[in-house]
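Structure first, then comments.
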DNA sequence: ACGCTAGGTGTACGCCGTACACTTGTCAAT
DNA sequence: ATTGACAAGTGTACGGCGTACACCTAGCGT
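Residue numbers (the working numbering), protein chains in the order written: chain D, 82 to 316; chain L, 82 to 316.
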């Protein structure tokens, strides 16, 4: 009976369960708030117990990234363009489910099997489409992080995010100030000002923007491929 | 005399000096190794003294990013394409001088005046070139982090980095293993295998790759602009 | 019956950011 | 010349972090 309790209380914990719990915790509290101690607590275990299953925190993060990458759907039977497009958009879906994964991928320099596999498959799509090795090389560089379904949105620019922390009249004043200092940003950000000075909108469809950029690149690739572009640097 | 010593020993330290020292220290030891304590030590001061000049570490990082952005050269008088190109490549030079800045920029979500100014100027170049507000909006999204002169190189893929840690025969064996598992990566990465199995090359000109991608996008933008592309979503 | 081993524990160390209360050096107003 | 406000720098302390290291213990193959 005591035995029973103990066995039930401690389904012995393995690497997969640790990673799964880590992913869930990061989904919940974000990446900065994810600590070995907190993860251990969530698993009902003492911090050092985790180290029997992952070498250290870095390796934990690698494992978590691998879990997310594992969620990317495979793509079968399509021209290179559709294949890449679908694969990348699927990667995007996976990363959107785990907002912390983007940052983890950015920071991480380790090439885990899952990372290599995805890369290899995307490369394979271009090669199968008849791209030269040379062009494929540059194309992959150009894709960069977009291969993972994200681009950093450093251009989140507009007023849209420090909303609600200040009274509306202060907001309006700040907007006027910004309009004077950074006129172009405000114009392009899609901020609409009503006659009364209030701010509306700032509508920005991230998915649209992502596909816009992705298709721009794919079209560019297609054009270069069609004209048998070469970097003229051997290979 | 004592006074003299003291005044000379403590040129009183101000925000600019703190940021400057922080940038220098990060250049030297990297971003993860940059701590308030270590920075204070480098300045010959007790850690808490820094807090009279920066609010906290986050604000310090923002300030450091601003210093780097301040190094981006202004661009005057050129068509939009050349102007953007020059500005972005100048940003790239600034970021290359401070390798930590890329990560700092990626992580940071705060929009400091320097960040906004750069963004505003790049936008201004497109608008001055006759781009519609609509197209400019999407174009900026597409540029993304490339506006800052970098793209993450998640595709550093090949064997080229864990060199030298293992004996050459182990290296060759690993390469063979990789060639079997990830054939496409190896082919495209520019790894050349000699008959004796030794690995050479892996030549990759980052600057070339960056300009390849940048020009691909600029050409794409130009084409869309030329045909009066519109997203068909108002604005 | 016994010892090996994998999994979990407990303690401890050195680092981190920073809150808070303090001294001290400078200078303007009295 | 005295004072007192203020900015700059100090010292101590707290809670959190990753993780090294020694230890325990349950279950298993022999």
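We put the CB at the ideal spot given by N, CA and C, even for glycine.
Using a Cβ-Cβ distance under 8 angstroms, would residue 241/D count as near chain L? Sequence index remark: in the first chain, residue 241/D carries index 160 (1-based). Low per-residue confidence applies at residue 241/D: pLDDT is 44, beneath 50, and the placement is therefore not dependable, though the value from the model is reported in the following sentence. Not an interface residue.
Residue 137/L versus chain D: which residues are under 7 angstroms apart at the beta carbon? The sequence position of residue 137/L within the second chain is 56, counting from 1. Here the premise fails: no neighbours, minimum Cβ distance about 14 angstroms.
In chain D, what lies closer than 9 angstroms to residue 187/L by C-beta? Position 106 of the second chain holds residue 187/L. Going along chain D in sequence order, the residues near residue 187/L (Cβ under 9 angstroms) are 184, 187, 188, 233 and 235.
Between the Cα of residue 203/L and the Cα atoms of 291/L, 118/L, 257/L and 162/L, which residue gives the shortest distance? Working through the second chain from its first residue, we reach residue 203/L at position 122. With distances taken between Cα atoms, residue 203/L lies closest to 162/L.
Short Cβ contact (8 angstroms threshold) for residue 295/L with residue 169/L: Residue mapping note: residue 295/L aligns to position 214 of the second chain, counting from 1. Residue mapping note: residue 169/L aligns to position 88 of the second chain, counting from 1. Yes, these two residues count as a Cβ contact at 8 angstroms.
Test: residue 226/L CB closer than 8 angstroms to a CB of chain D: On the second chain, position 145 is the one that residue 226/L refers to. Yes, because at least one Cβ of chain D sits closer than 8 angstroms to the Cβ of residue 226/L.
Going by the C-beta, is residue 230/D closer than 7 angstroms to any heavy atom of the ligand NAP? Absent from the structure shown: the ligand NAP. Ligands present: none.
In terms of residue numbering, what span does the alpha helix (DSSP H) encompassing residue 262/D cover? Looking up residue 262/D in the first chain gives position 181. Unbroken alpha helix (DSSP H) run through residue 262/D: 249 to 262.
What residue from 142/L, 300/L, 176/L and 302/L has the CA that sits closest to residue 192/L's CA? Looking up residue 192/L in the second chain gives position 111. Comparing Cα-Cα distances from residue 192/L to each of 142/L, 300/L, 176/L and 302/L, the minimum goes to 142/L.
Residues in the segment 260 to 274 of chain L having any Cβ partner in chain D nearer than 8 angstroms: 262, 263, 264, 265, 266, 268, 269, 270 and 271
Say whether the segment 137 to 151 of chain D touches the segment 98 to 108 of chain D, bearing in mind that this needs 3 or more beta-carbon pairs closer than 8 angstroms, one atom from each stretch. Judged by Cβ distances under 8 angstroms, the segment 137 to 151 of chain D makes contact with the segment 98 to 108 of chain D, as three or more pairs qualify.
Listing by chain order, which chain L residues have their CB less than 7 angstroms from the CB of residue 290/D? As a working note, residue 290/D is residue 209 in the first chain. Those are 219 and 222, listed as they occur along chain L.
Proximal chain D residues relative to residue 298/L, where beta-carbon distance stays under 7 angstroms: Indexing the second chain from 1 puts residue 298/L at position 217. Residues of chain D passing the Cβ test: 297.
Rounded straight-line distance, which links the Cα of residue 172/L to that of residue 375/L: The displayed coordinates of chain L run from 82 to 316. Any statement about residue 375/L would go beyond what the structure contains.
So what does DSSP say about residue 239/L, is it helix, strand or coil? Locating residue 239/L in the second chain gives position 158, where the first residue counts as 1. Only weak support exists for where residue 239/L lies, its pLDDT of 45 falling under 50; the value from the coordinates is given anyway. Three-state result, residue 239/L: coil.
Mind checking if residue 150/D is an interface residue toward chain L, Cβ cutoff 8 angstroms exclusive? As a working mapping, residue 150/D is identified with position 69 in the first chain. Not one chain L Cβ lies under 8 angstroms of residue 150/D.
Whose Cβ in chain D lies nearer than 9 angstroms to the Cβ of residue 197/L? For the purposes of this step, residue 197/L is taken as the residue at position 116 of the second chain. Chain D residues near residue 197/L: 238, 259, 262, 263 and 266.
CB contact check: residue 93/L to chain D, cutoff 8 angstroms: Against the second chain, residue 93/L aligns to sequence position 12. Not an interface residue.
Could one say the Cβ of residue 165/D lies closer than 8 angstroms to chain L's Cβ atoms, at least one of them? Here residue 165/D refers to the residue found at position 84 when the first chain is read from its first residue. Chain L contact via Cβ: absent.
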